Amino acid sequence: MPLQAEPAARAIAKPGESVEIAPGVHWIGALDPTLRTFDIILRTANGTTYNSYMVRGTDGVAIIDTVKAEFADDFFARIESVARYDEIRIIVLNHLEPDHTGALPELMRRAPQAKLYISTRATAMLKALLKPKEDKGPLAFETVGTGDEVSLGDRTLRFLHTPFLHWPDTQCTYLVEEGVLFSGDVFGCHYCDTRLLNDRCGDFRFAFDYYYAHIMRPFKTHVMDALKLIEPLPLKTIAPTHGPILRDRPRRYITRYRELSTASFADKIGNEERSLIIFYMSAYGSTARMAEAICAGAEEQPGLRVSLYDLEGGETQPFVDLIESADALALGSPTINGDAVKPIWDLLSSLAVIDLKGKLGAAFGSYGWTGEAVRMIEDRMRGLKMRVPVAGLRVKLIPTDEELDECRAFGRDIASAIASGEKGRVIDFAELG
Ligand SMILES: Cc1cc2nc3c(=O)[nH]c(=O)nc-3n(C[C@H](O)[C@H](O)[C@H](O)COP(=O)(O)O)c2cc1C
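Numbering-wise, the sequence shown is residues 1 to 433 according to UniProt numbering.
Here it is as structure tokens:
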């Protein structure tokens, strides 16, 4: 049974109408059902929504987040169906991503008396976003952190500092009296359904997990910190900025986030040993022979599990979990037209969702005349904040017996670098903020 069966039981998002999702709390967002690719990297099956909310108290109105600029007309029409602009005292921005701040400048023009509430980390971003003009006076905004509150008379908005979910400036906002958590992109997903509510719309579980995997996964440790703040809250509804509003058993989604954030592959299967994974591509077999010799050399190190994969025709996606729990990654590519081959780049780009900082990287490959691939792979590894302690190994055309000995030595050197490094890495996002 839904906890919040009324008043939204029969709600459906219609043009120009808001939807009441809890007493005095209205959805005033926008639907984008034809979208199929979001932020270049994400696919969506049936579009997305830009959820924005209005809270009415005895002492005025608050707007929580806005919508993407192209959908501003829908947003303003929905506001006008439930409030006058001169009633708006508070505008909360849970993070400043353009899909939730596109309509902000126009909202500020229509409701100039309203004050903005943002996290401290959002200050510089807000100024960059709005480019305040000296002659128009200072921006009316206040920075807030965990536990800070703002009152609407009989309604209280309390803020939770939840940085990096998934922007540095992310915060969540909790409506104390109704137990509604306005969670920003946290617990959101790209799924568009006019029925809006999780117990009424279609099955979106795949979209929920997919969104987590691509958007929240890089910030697992921050997800865990945020859950510590969110879990103790009495909750009736989670109101995210994308996808269904989670009013039916909202705690299921918190539990799911905890599951997805705690269980790394290594945690699930146990990983006492250190691990090196070698991936390679080879057109004529030379880089393959190097890879086998490197594998043999590395295997001489006790307590090191070495895996060897030919990327030919293979998918890179299944390897992402494996790489996340490995200590080191060695990539082998021949130089083809002055570059490493595409599957190697595909593998490297698929790793953007995991934290590679401090993980050990090494590169090798056969070449004919210029041999750029190895250096390029090493540069990319460093760009991903991996350590590259052993200089890359190149062999001209077919490796000789002596060169295969060098490959074995290269494998041993990688193994010793793994053995001397510390297992387990500390994720430090401070420099990003
Ligand atoms: C289409 C093609 C383009 C190539 N381009 C380069 C190149 O730009 N620079 C270079 O050093 N070698 C180049 N080579 C030579 C390969 O790197 C060399 O044959 C290497 O030994 C192949 O390694 P493999 O047996 O692991 O495939 C090229 C080879 C082919 C077939």
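Built from N, CA and C at the ideal position, the CB exists for glycine as well. Computed from a predicted model, the values in this text were never measured in an experiment.
At a cut-off of 7 Å, the beta-carbon of residue 313 does not count as near ligand 1: no heavy atom of the ligand is closer than that.
Not a single heavy atom of ligand 1 lies less than 7 Å from the C-beta of residue 197. Secondary structure at residue 100: helix, using DSSP grouped into helix, strand and coil.
The DSSP-derived three-state label of residue 49 is strand. In the three-state DSSP reduction, residue 106 falls in the helix class (H, G or I). If the five residues before and after residue 390 are omitted, its C-beta is found closer than 7 Å to the C-beta atoms of 362, 410, 413, 414 and 417, all from its own chain and listed in chain order. Inclusion of residue 223 and residue 160 in the CB contact set at 8 Å is not warranted, their separation being larger than that value. Not one heavy atom of ligand 1 lies closer than 7 Å to the C-beta of residue 51. Under the DSSP definition of a beta bridge, residue 92 partners with 64 and 117. When the beta-carbon positions are compared, residue 55 and residue 181 stay at least 8 Å from each other. Per DSSP, the beta-bridge partners of residue 308 are 278.
By the 16-neighbour rule on beta-carbons within 10 angstroms, residue 280 is buried. By the 16-neighbour rule on beta-carbons within 10 angstroms, residue 44 is buried. Under DSSP, the beta-bridge partners assigned to residue 336 are 339. Per DSSP, the unbroken beta strand (DSSP E) holding residue 239 starts and ends at 237 to 240. Contact between residue 248 and residue 199 holds, since their C-beta atoms are separated by about 4 Å, short of 8 Å.
When Cβ pairs closer than 8 Å are counted between the two stretches, the stretch 203 to 213 is seen to touch the stretch 227 to 246, the count reaching three or more.
Note: residue 174 is bridge-paired with 158 and 181 in the DSSP secondary-structure output. Looking at the backbone, the Cα of residue 85 and that of residue 30 are separated by about 18 Å. DSSP places residue 388 in no beta strand (DSSP E); its state is neither H nor E. The continuous stretches of beta strand (DSSP E) do not include residue 220, which lies in the alpha helix (DSSP H) extending over residues 220 to 230. Residue 284 counts as exposed, since fewer than 16 other beta carbons sit within 10 angstroms of its beta carbon.
Scanning 330, 88, 131 and 357 for the CA closest to the CA of residue 57 turns up 88. Around residue 338, the same chain offers 370 and 372 as residues with beta carbons nearer than 7 Å, after the five sequence neighbours per side are excluded. In this structure, ligand 1 has a non-hydrogen atom nearer than 7 Å to the beta-carbon of residue 287. 64 is the residue among 346, 15, 64 and 324 whose C-alpha sits nearest the C-alpha of residue 156. Secondary structure note for residue 300: it is in no beta strand (DSSP E), with a DSSP letter that is neither H nor E.
Nearest neighbour of residue 258 by Cα position, chosen from 203, 146 and 219, turns out to be 219.
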